[in-house]
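What follows is a set of notes on a single structure, which appears directly below.
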Amino acid sequence: MESNREPGSPQRRVVIVGGGMAGTRLAQQLVVSAGEATLEVTVIGEEQHPAYNRVLLAEVLAGRYAPEVIALPVPAPAAGTGAGVRRLSGVRVVRVDRPTAEVLCDDGRRVPYDALVLATGSNPVLPPLRGLFEPDGRDDLQALPDGVHAFRTMDDCLALGAAVRPGTRAVVIGGGLLGVSAARALAQRGAQVVLAHQGEHLMERQLDPGASRLLRRHMAALGVEVHTECRARGLRTDGRAVHAVELADGYALEADLVVLACGVRPRVGLARAAGLEVARGIVVDDELRTRDPRVFAIGDCAEHDGVVYGLAGAAQEQADVLARLLSPTPPLPEPRGLRPWPPTGAPPRTPLLNRRRGWIFATRAPVPSPA
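Counting from 1, position 250 in the sequence shown corresponds to residue 250 in the UniProt record's numbering; the numbering is continuous, with no gaps.
Structural data, given as structure tokens:
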């Protein structure tokens with residue numbers, strides 16, 4: 001059934017695929033901007049957990065925060081507004097039916113939309129390590145050997161927390177932001193941690209060599225053994241249980257558990273199957289719109305002007321911009337000029353611009369995904 005609203009008319013049914021930070025922020029801002037207009041917002045998320053601040057997962061792993069502490073505020077309409085929000089948790093969207101303007105879910109339900117927002121985020125990169133996958137060639141997270149973990153979701157965090165004990169031998173592969181955070185958290189839980197990083201210095205995409213040396217000293221003070229310019233080439237397993245990481249020079253690091261922190265890549269499968277333009281991410285214009293005028297993308301899955309931003313701050317600002325564009329109420333007064341990012345005194349970087357009626361919004365500058 002074709003939607004009875006024209007693409008350019010005010011939206012009434014907004015479906016957000018992805019219940020993470022970007023999707024939740026968009027739902028919150030849509031509620032704020034709805035006023036008295038009728039607006040139905042549906043957020044569909046694969047995870048069973050309430051939406052949470054992914055940036056703080058390492059704090060949960062370290063034991064400093066309980067999972068509920070990093071939960072995000074639940075979007076709730078204020079009294080007198082016409083917005084309604086429902087959240088479908090533990091539900092996966094398996095197909096976007098663009099001709100009928102519906103999404104199909106794995107539980108059989110069909111959810112109609114006037115505006116569809118893809119906030120599907122990103123998946124961890126699984127490196128080409130010998131012994132990582134079953135001989136049948138499956139290359140997904142469910143096929144990992146026992147003791148091998150990604151570190152991207154709350155379930156990943158809880159599984160790692162359940163596996164680590166004082167004295168556990170842990171090898172973290174990848175010395176970017178994610179790997180450093182995981183290694184630090186595991187060390188604070190009492191694990192014997194080795195961090196293996198292929199690059200010349202830790203967090204080389206975020207830090208200069210001097211700052212990286214300071215970070216390395218800090219990690220050493222926590223008891224983390226850091227190896228740079230060190231490439232992992234395989235896992236040694238007993239059956240399907242890991243017991244060592246083999247390096248390119250043949251040296252083996254004994255391991256009770258292994259954390260894969262080798263970066264992330266945008267989740268674009270749903271968009272590609274729907275016939276939307278995909279490069280590295282889902283290609284969007286200055287209004288965060290795909291080539292389908294009713295379909296938008298924000299956050300880690302979106303690519304604007306050839307850039308995938310991959311930052312929580314950028315995702316949240318994109319959500320704010322899109323909420324304003326989708327608002328069924330008259331727009332707020334036009335902002336004047338460009339809100340600069342980064343703040344004064346920080347290194348200059350190229351902002352993402354979203355233009356509408358002469359408005360210019362800036363989001364955080366592009367930074368490559370952590371290795």
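Idealized CB from N, CA, C, for every residue including glycine.
Burial state of residue i (16 or more Cβ within 10 Å)
{"i": "Tyr52", "result": "buried"}
{"i": "Gln29", "result": "buried"}
{"i": "Ala150", "result": "buried"}
{"i": "Val14", "result": "buried"}
{"i": "Ala302", "result": "buried"}
{"i": "Gly239", "result": "exposed"}
{"i": "Leu214", "result": "exposed"}
{"i": "Gly147", "result": "buried"}
{"i": "Leu222", "result": "exposed"}
{"i": "Val74", "result": "exposed"}
{"i": "His218", "result": "exposed"}
{"i": "Val93", "result": "buried"}
{"i": "Asp208", "result": "exposed"}
{"i": "Glu317", "result": "buried"}
{"i": "Val117", "result": "buried"}
{"i": "residue 375", "result": "Outside the shown range of the chain (1 to 371) lies residue 375, about which nothing can therefore be said."}
{"i": "Val69", "result": "exposed"}
{"i": "Ala162", "result": "exposed"}
Cα-Cα separation between residue i and residue j, rounded to whole angstroms
{"i": "Leu186", "j": "Ala315", "result": "28 angstroms"}
{"i": "Arg25", "j": "Ala319", "result": "6 angstroms"}
{"i": "Ala196", "j": "Ala101", "result": "47 angstroms"}
{"i": "Cys230", "j": "Gly174", "result": "10 angstroms"}
{"i": "Pro166", "j": "Arg189", "result": "7 angstroms"}
{"i": "Pro128", "j": "Gly90", "result": "30 angstroms"}
{"i": "Val224", "j": "Asp305", "result": "39 angstroms"}
{"i": "Leu144", "j": "Ala58", "result": "21 angstroms"}
{"i": "Val164", "j": "Gly310", "result": "29 angstroms"}
{"i": "Val321", "j": "Arg291", "result": "18 angstroms"}
{"i": "Val245", "j": "Val193", "result": "13 angstroms"}
{"i": "Arg226", "j": "Gly63", "result": "Just to set this straight, residue 226 is Val in the shown sequence, not Arg. For Val226 and Gly63, the distance between alpha carbons rounds to 22 angstroms."}
{"i": "Leu39", "j": "Leu325", "result": "14 angstroms"}
{"i": "Ala255", "j": "Asp249", "result": "17 angstroms"}
{"i": "Gly23", "j": "Gly84", "result": "15 angstroms"}
{"i": "His201", "j": "Tyr251", "result": "20 angstroms"}
{"i": "Ala274", "j": "Ala119", "result": "15 angstroms"}
{"i": "Arg54", "j": "Ala159", "result": "15 angstroms"}
{"i": "Ala261", "j": "Val284", "result": "28 angstroms"}
{"i": "Val125", "j": "Gln142", "result": "14 angstroms"}
{"i": "Ala241", "j": "Ala271", "result": "35 angstroms"}
{"i": "Pro293", "j": "Val268", "result": "18 angstroms"}
{"i": "Thr168", "j": "Ser327", "result": "51 angstroms"}
{"i": "Ala297", "j": "Leu61", "result": "30 angstroms"}
{"i": "Ala211", "j": "Val41", "result": "44 angstroms"}
{"i": "Ala323", "j": "Arg152", "result": "26 angstroms"}
{"i": "Asn123", "j": "Arg216", "result": "27 angstroms"}
{"i": "Thr237", "j": "Phe133", "result": "11 angstroms"}
{"i": "Glu47", "j": "Asp155", "result": "8 angstroms"}
{"i": "Arg109", "j": "Leu288", "result": "27 angstroms"}
Option nearest residue i by Cα separation, candidates the options
{"i": "Asp106", "options": "Val96, Asp114, His227 and Tyr113", "result": "Val96"}
{"i": "Tyr113", "options": "Met154, Gly306 and Leu104", "result": "Leu104"}
{"i": "Glu204", "options": "Leu177, Met219, Glu246 and His227", "result": "Leu177"}
{"i": "Arg87", "options": "Pro124, Leu132 and Val17", "result": "Val17"}
{"i": "Gly45", "options": "Val125, Ser212, Gly20 and Leu276", "result": "Gly20"}
{"i": "Ala76", "options": "Glu68, Ala34, Arg184 and Val242", "result": "Ala34"}
{"i": "Val307", "options": "Ala162, Ala279 and Met219", "result": "Ala279"}
{"i": "Arg130", "options": "Arg233, Asp249 and Pro209", "result": "Arg233"}
{"i": "Leu253", "options": "Pro67, Val111 and Val171", "result": "Val171"}
{"i": "Gly299", "options": "Pro266, Pro293 and Ala323", "result": "Pro266"}
Distance cut-off 7 angstroms: residue i Cβ against heavy atoms of the ligand ADP
{"i": "Thr24", "result": "For the ligand ADP, the structure offers nothing, since it holds no ligand at all."}
Presumed contact (8 angstroms Cβ cut-off) between residue i and residue j, rounded CB distance
{"i": "Ala182", "j": "Val259", "result": "5 angstroms"}
{"i": "Val295", "j": "Leu276", "result": "6 angstroms"}
{"i": "Ala71", "j": "Pro50", "result": "5 angstroms"}
Neighbour flag for residue i against chain B, beta carbons, 8 angstroms
{"i": "Asp292", "result": "Judged by its chain identifiers, the structure shown contains no chain B, having just a single protein chain."}
Can you give, in chain order, each stretch of the beta strand (DSSP E) that sits fully within the stretch 217-245 and has at least 3 residues? 225-227 and 232-238
**OP:** Ignoring anything shorter than 3 residues or poking outside the stretch 5-74, list the beta strand (DSSP E) runs there in chain order.
**Re:** 13-17 and 39-45
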